[in-house]
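S.K.: Could you have a look at this structure, given as structure tokens, before my questions?
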Amino acid sequence: DIQMTQSPSSLSASVGDRVTITCRASQSISTYLNWYQQKPGKAPKLLIYAASTLHGGVPSNFSGSGSGTDFSLTISSLQPEDFATYYCQQNFGTPLTFGQGTKLEIK
Amino acid sequence: EVQLLQSGGGLVQPGGSLRLSCAASGFTFRHFAMSWVRQAPGKGLEWVSEISPNGETTYDADSVKGRFTISRDNSNNTLYLQMNSLRADDTAVYYCAKDVSTWPDYFDFWGQGTLVTVSS
Numbered sequence: 060d061i062q063m064t065q066s067p068s069s070l071s072a073s074v075g076d077r078v079t080i081t082c083r084a085s086q087s088i089s090t091y092l093n094w095y096q097q098k099p100g101k102a103p104k105l106l107i108y109a110a111s112t113l114h115g116g117v118p119s120n121f122s123g124s125g126s127g128t129d130f131s132l133t134i135s136s137l138q139p140e141d142f143a144t145y146y147c148q149q150n151f152g153t154p155l156t157f158g159q160g161t162k163l164e165i166k
Numbered sequence: 466e467v468q469l470l471q472s473g474g475g476l477v478q479p480g481g482s483l484r485l486s487c488a489a490s491g492f493t494f495r496h497f498a499m500s501w502v503r504q505a506p507g508k509g510l511e512w513v514s515e516i517s518p519n520g521e522t523t524y525d526a527d528s529v530k531g532r533f534t535i536s537r538d539n540s541n542n543t544l545y546l547q548m549n550s551l552r553a554d555d556t557a558v559y560y561c562a563k564d565v566s567t568w569p570d571y572f573d574f575w576g577q578g579t580l581v582t583v584s585s
């Protein structure tokens, strides 16, 4: 199975900050990497697919990059509604696997 | 508008069975693969099972293989998860999710989630 490791596991930041979350795959997955946002008590929402393509309706302050084994999700200017937990997920092979999550909290 | 409305779930004793349902609307259900993803309390996301659009091919995580069965009824736009021989570590919120394609890929819409608690 492909293991996905996110860092950091948690992060404190302020509104307006620029933050970056990283995701590393245990083997090369090309750009078969997706990002989700989850708020407490809610289902995950797709943010980015294929490493860098924004899903419809996702604000442009979100961006993704990377290929191979190393990926990142950047929020250029944090908004109050961006405080949530973020997960990466690989779709290079089955089983589909997720990172353990990064909880973004208000400082 | 795509909607995935889940039902089922609840409290069940270890070794018991439960069936989850997910009623889909707002898209052509029979054209897309569908999955179940679970989240244990305070934990991350775990892909459980996926089924092809015509229901002929399924994929199961090792943790549920032989105990859980995913199925679908394309005439009624409904996805199911039959869970047997339930264990305490199956306790989780279970989400149904629409895949973007016909193959295990990624998920553009999710159900609201339903809690399954396995406890005596």
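Which chain is which? The protein sequence lines are A and B, in order. Note that my numbering numbers the first sequence so that position 36 is 95, with each residue one more than the last. Note that my numbering numbers the second sequence so that position 2 is 467, with each residue one more than the last. Each residue gets a CB set at the ideal place from its N, CA and C atoms; glycine is no exception. All of these numbers come straight from a predicted model, not from anything done at the bench.
#1: Classify PHE494 (chain B) as helix, strand or coil using the three-state DSSP reduction.
#2: Are the beta-carbon atoms belonging to THR161 (chain A) and LEU70 (chain A) less than 8 Å from one another?
#3: When DSSP builds the beta bridges, which residues end up paired with VAL74 (chain A)?
#4: Using alpha carbons as the reference points, say which of B:TRP568, B:TRP501 and B:PHE492 lies closest to SER596 (chain B).
#5: Is the stretch 488-500 of chain B close to the stretch 539-556 of chain B, with three or more CB pairs under 8 Å?
#6: Name the residue from A:PHE130, A:LEU137 and A:SER135 whose alpha carbon lies nearest to the alpha carbon of TYR146 (chain A).
#7: Return no unless some Cβ of chain B is closer than 8 Å to the Cβ of THR64 (chain A).
#8: So the candidates are B:MET548, B:GLY481, B:GLY507 and B:ASN519; which of them puts its Cα closest to the Cα of ASP525 (chain B)?
#9: How long is the line joining the alpha carbons of GLY115 (chain A) and GLY576 (chain B), rounded to whole angstroms?
#10: In terms of residue numbering, what span does the beta strand (DSSP E) encompassing ARG503 (chain B) cover?
#11: What are the residues of the stretch 518-535 of chain B that lie near chain A, defined by any Cβ-Cβ distance shorter than 9 Å?
#12: Can you have a look at LYS166 (chain A) and say buried or exposed, based on whether 16 or more other CB atoms are within 10 angstroms of its CB?
#13: Pick out whichever of B:ALA553, B:TYR559, B:PHE572 and B:LYS563 has its Cα sitting closest to the Cα of VAL583 (chain B).
#14: If VAL467 (chain B) and LYS563 (chain B) are in contact, beta carbons under 8 Å, what's the gap, nearest whole angstrom?
#15: Check this for me: beta carbons of GLY127 (chain A) and SER66 (chain A), under 8 Å apart or not?
#16: ALA537 (chain B): buried (16+ other C-beta within 10 angstroms of its C-beta) or exposed?
#17: Considering only the alpha carbon of each residue, which of B:THR579, B:ARG532 and B:GLN471 lies closest to SER490 (chain B)?
#18: Taking DSSP as the reference, what is the three-state secondary structure of ASP570 (chain B)?
#19: Quick one: Cα of ALA72 (chain A) to Cα of ASP570 (chain B), how far?
#20: Quick one, which of B:ASN519, B:THR556, B:PHE574 and B:THR523 has its alpha-carbon nearest LYS508 (chain B)'s?
#21: Considering only DSSP beta bridges, list what ASP60 (chain A) is partnered with.
#22: Kindly indicate if chain B contains any beta-carbon less than 8 Å away from that of VAL142 (chain A).
M.R.: So, from the listed chains and residues:
#1: Residue 494 (chain B) sits at position 29 when you count from the first residue of the second sequence. Looking at PHE494 (chain B) - three-state DSSP - the assignment turns out to be helix.
#2: As a first step, residue 161 (chain A) is located in the first sequence; it is residue number 102 there, counting from the start. As a first step, residue 70 (chain A) is located in the first sequence; it is residue number 11 there, counting from the start. Contact flag set, yes.
#3: For the purposes of this step, residue 74 (chain A) is taken as the residue at position 15 of the first sequence. DSSP output for VAL74 (chain A) lists no bridge partner at all.
#4: Only positions 466 to 585 of chain B appear in this structure, which leaves residue 596 (chain B) out of reach.
#5: yes
#6: By one-based count along the first sequence, residue 146 (chain A) stands at place 87. Residue A:PHE130 is the option with its Cα nearest to TYR146 (chain A).
#7: As a first step, residue 64 (chain A) must be located in the first sequence, where it is residue number 5. Taking Cβ atoms only, chain B never reaches closer than 8 Å to THR64 (chain A), which makes this a no.
#8: Walking along the second sequence from the start, residue 525 (chain B) turns up at place 60. Comparing Cα positions, the closest option is B:MET548.
#9: Start at 1 with the first residue of the first sequence, and residue 115 (chain A) comes out as number 56. Start at 1 with the first residue of the second sequence, and residue 576 (chain B) comes out as number 111. Their backbone Cα atoms lie some 18 Å apart in a straight line.
#10: Locating residue 503 (chain B) in the second sequence gives position 38, counting from the first residue. Taken as a continuous stretch (DSSP letters only), the beta strand (DSSP E) holding ARG503 (chain B) covers 499-504.
#11: TYR524, ASP525, ALA526 and ASP527
#12: Residue 166 (chain A) sits at position 107 when you count from the first residue of the first sequence. The residue is exposed, with fewer than 16 neighbouring Cβ atoms inside 10 Å.
#13: Walking along the second sequence from the start, residue 583 (chain B) turns up at place 118. Measuring from the Cα of VAL583 (chain B), the nearest candidate turns out to be B:ALA553.
#14: Mapped onto the second sequence, residue 467 (chain B) falls at position 2. Mapped onto the second sequence, residue 563 (chain B) falls at position 98. Rounded, the Cβ-Cβ distance is 7 Å, consistent with contact.
#15: Residue 127 (chain A) sits at position 68 when you count from the first residue of the first sequence. Residue 66 (chain A) sits at position 7 when you count from the first residue of the first sequence. In this structure, SER66 (chain A) does not lie closer than 8 Å to GLY127 (chain A) by Cβ.
#16: One-based indexing of the second sequence puts residue 537 (chain B) at position 72. A small fix is needed here, since residue 537 (chain B) is Arg in this sequence, not Ala. The residue is buried, with at least 16 neighbouring Cβ atoms inside 10 Å.
#17: Within the second sequence, the letter at position 25 stands for residue 490 (chain B). Nearest of B:THR579, B:ARG532 and B:GLN471 to SER490 (chain B), Cα basis: B:GLN471.
#18: Numbered from 1 along the second sequence, position 105 holds the residue referred to as residue 570 (chain B). Coil at ASP570 (chain B), not helix or strand.
#19: To locate residue 72 (chain A), count along the first sequence from 1; it is residue 13. To locate residue 570 (chain B), count along the second sequence from 1; it is residue 105. Computed Cα separation, rounded: 32 Å.
#20: Position 43 of the second sequence, counted from the first residue, corresponds to residue 508 (chain B). Out of B:ASN519, B:THR556, B:PHE574 and B:THR523, B:THR556 has the C-alpha closest to the C-alpha of LYS508 (chain B).
#21: Within the first sequence, numbered from 1, the residue matching residue 60 (chain A) stands at position 1. The partner list for ASP60 (chain A) (beta bridge, DSSP) is empty, contrary to what the question assumes.
#22: Residue 142 (chain A) sits at position 83 when you count from the first residue of the first sequence. The residue asked about is misnamed: residue 142 (chain A) is Phe in this sequence, not Val. It does not; no Cβ of chain B falls within 8 Å.
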